[in-house]
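J.: Questions regarding the structure given below will be posed in turn.
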Amino acid sequence: MKDILKQLTGFSGPPGHEKMLTGFISDLFSKYCDEVKIDKLYNVIGIKRANRGSGTRRKVMVAAHIDEISMMVSDVDERGFIRFAPLGGIDPRILLAQETIIHGRKQVYGVVGTKPPHLISDEEKKKPMEIDKLYIDTGMSRDQLASLVEVGDTITFKHHWTELQNGLVSSKSLDNRGGAAAVIGLLQEADRHGHDIDIVCVATVQEEVGLRGAVTSAYGIQPDTAVVIDACHGDMPGLDSDEVFKLGKGPAIAVGPNIHPQLGAYLKQIAVEQGIPYQVDVEAGNTGTDAWAIQVSRSGIPTVLVSFPLRYMHTTVETVSLEDLDYISKLLAYYINNLGGKLEELAL
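Set out below in structure tokens:
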């Protein structure tokens, strides 16, 4: 799990430009799936056929998005400093002193700069950080950049992988490459446990800008049911306990109107039976995940959401527990094991 996750986070994948990593994910899926394809939007779809059971063939869609928060070049000023616009939900406060990669005609490395504290007025210190006051310095002049970078090029954060204590790791894009790694873990577990339902794994795209890959892939796949894997907020100082989930204490299983009640209850039942720890994520409205789009695809798809706790979401030091990802893979393998034969009573 750790090695795959490290490799996954090392790739850049801005919304709309996930092609930068789809080849790698396609190769991973090919090791375990009977069929793999990349669709027109760059969703990677792997189909693992049921290896036991008979009767009507059912399909479960297992989705995890692979795009990451990033930026776009909005201007290059006369001195060569690059201005940028956010692509996905970025808090300007995290940008100071970040190392970046501009994906132009070739990769150009830069750093985000702003005024040093010695030169900031008292009035400016009272104001929130504004993204249009920041810039990227590549060390190149405007003329030098002209042949390499143009307005509209994407910008991502440089990859730094850090292994912490007690099985925690930190990196950019763990939201939601952690989910993608858990999907690979599920495929490995499914080989060992077997399954009476086709597993259609989807590495979805453009989640950070509107759940778009989930919309199109669910429409095309027409699954009988779906599972979405994503990140939820991990415990940290300054957040109330009902807003966050503890790292290392198991996945958060969502409940609420976005979640099919019988399937959600069955997922918790499986966790109890298999001794897999879990937490309950109360979602009274929009979950903000691919589950929101998949649930209402076509005539409706019974959907569940399983999340791994993640600290410092939408930063370059997102932090997760490898154990939680492993719990998700094992839980879903047991959940899917006999799901095809149970759908009639649970969801159809």
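Residue numbers (the working numbering): 2 to 349. Even for Gly, the Cβ is constructed at its ideal location relative to N, Cα and C.
1. Are the CB atoms of L96 and R320 within a distance shorter than 8 Å?
2. Starting from the N-terminal side, write out each stretch of the beta strand (DSSP E) that is 3 residues or longer and does not extend beyond the stretch 238-300.
3. Using alpha carbons as the reference points, say which of A183, Q99, A334 and H196 lies closest to D327.
4. Report the residue from K159, F30, V109 and I302 whose alpha carbon sits nearest the alpha carbon of A147.
5. Are there three or more Cβ pairs, one per stretch, closer than 8 Å when the stretch 28-47 is compared with the stretch 162-180?
6. I'd like the span of the beta strand (DSSP E) that includes V170, first residue to last.
7. I'd like the ranges of any alpha helix (DSSP H) spanning at least 4 consecutive residues and lying wholly in the stretch 128-166.
8. How would you write the range of the beta strand (DSSP E) that G196 sits in, first residue to last?
9. Can you tell me the Cα-Cα spacing of K159 and T101, whole angstroms?
10. Are V318 and I200 closer than 8 Å when you measure CB to CB?
11. If contact is defined by three or more beta carbon pairs under 8 Å, each pair taking one atom from either stretch, is the stretch 291-306 in contact with the stretch 245-265?
12. Looking only at C-alpha atoms, which of I329, S174 and I48 sits nearest to P278?
13. Near R178, which residues of its chain fall below 6 Å by C-beta distance, leaving aside the five closest residues on each side in sequence?
14. Does the stretch 279-297 touch the stretch 336-346, meaning 3 or more C-beta pairs lie closer than 8 Å?
15. Under a three-way DSSP split, which group does L42 fall into?
16. If I'm right that H66 touches G180 with Cβ under 8 Å, what's the distance once you round it to whole angstroms?
17. Taking C-beta to C-beta, are G249 and S322 nearer than 8 Å?
18. Within the same chain, show all residues whose beta-carbon is closer than 7 Å to that of E19, passing over the 5 residues directly before and after it, in chain order.
19. For A292, which of T316, R299, I230 and H234 has the nearest alpha-carbon?
20. Could you tell me if A219 is buried or exposed, where buried requires 16 or more neighbouring beta carbons within 10 angstroms of its beta carbon?
21. Taking C-beta to C-beta, are V210 and L347 nearer than 8 Å?
22. Tell me the DSSP secondary structure of P352 in three-state form.
23. Thinking C-beta only, is Y313 closer than 8 Å to D192?
24. Kindly indicate which three-state DSSP category G17 falls into: helix, strand or coil?
25. Grab the span of the beta strand (DSSP E) containing V206 for me, first residue to last.
26. Give the DSSP bridge partners of L332, in chain order.
27. When you compare only the Cα positions, how much space is there between G14 and D123?
28. I'd like the list of long-range same chain contacts for G47, defined as Cβ closer than 6 Å, with 5 residues on each side in sequence excluded.
29. Between H196 and A285, what straight-line distance do the alpha-carbon atoms span, to the nearest angstrom?
30. Name the one or two DSSP bridge partners that V112 has.
31. According to the Cβ coordinates, are F82 and D138 closer than 8 Å?
32. What does W311 pair with, by DSSP beta-bridge criteria?
33. Secondary structure at D176, three-state DSSP: helix, strand or coil?
34. Around the C-beta of I121, are 16 or more other C-beta atoms found within 10 angstroms, so that it is buried, or is it exposed?
T.: So, from the listed chains and residues:
1. It is worth fixing the name first, because residue 320 is Thr in this sequence and not Arg. Note that the C-beta distance between T320 and L96 is not below 8 Å.
2. Listed in chain order, the complete beta strand (DSSP E) runs (minimum 3 residues) inside the stretch 238-300 are 253-256 and 280-283.
3. A183
4. V109
5. no
6. L169 to S172
7. 143-147
8. It is worth fixing the name first, because residue 196 is His in this sequence and not Gly. Counted as a single uninterrupted DSSP element, the stretch harbouring H196 is not any beta strand (DSSP E), since DSSP gives it neither H nor E.
9. 5 Å
10. no
11. The stretch 291-306 and the stretch 245-265 touch, with three or more beta-carbon pairs separated by less than 8 Å.
12. I329
13. Take R178, set aside five residues on each side of it, and the residues of its chain with a beta-carbon closer than 6 Å to its own are L9 and T10, in chain order.
14. no
15. coil
16. 7 Å
17. Taking a C-beta distance under 8 Å as the contact criterion, G249 and S322 qualify as a contact pair.
18. Y43, I67, D68 and V206
19. Among T316, R299, I230 and H234, the Cα nearest to that of A292 belongs to I230.
20. buried
21. no
22. It is not possible to answer for residue 352, since the shown part of the chain is limited to 2 through 349.
23. no
24. coil
25. Segment: none, V206 is in no beta strand (DSSP E) and carries neither H nor E.
26. None; L332 has no bridge partner.
27. 39 Å
28. F30, C34, V37 and C202
29. 32 Å
30. E100 and D138
31. yes
32. The sequence as given places Leu at residue 311; Trp does not occur at that position. H234, per the DSSP bridge assignment.
33. helix
34. So I121 counts as exposed.
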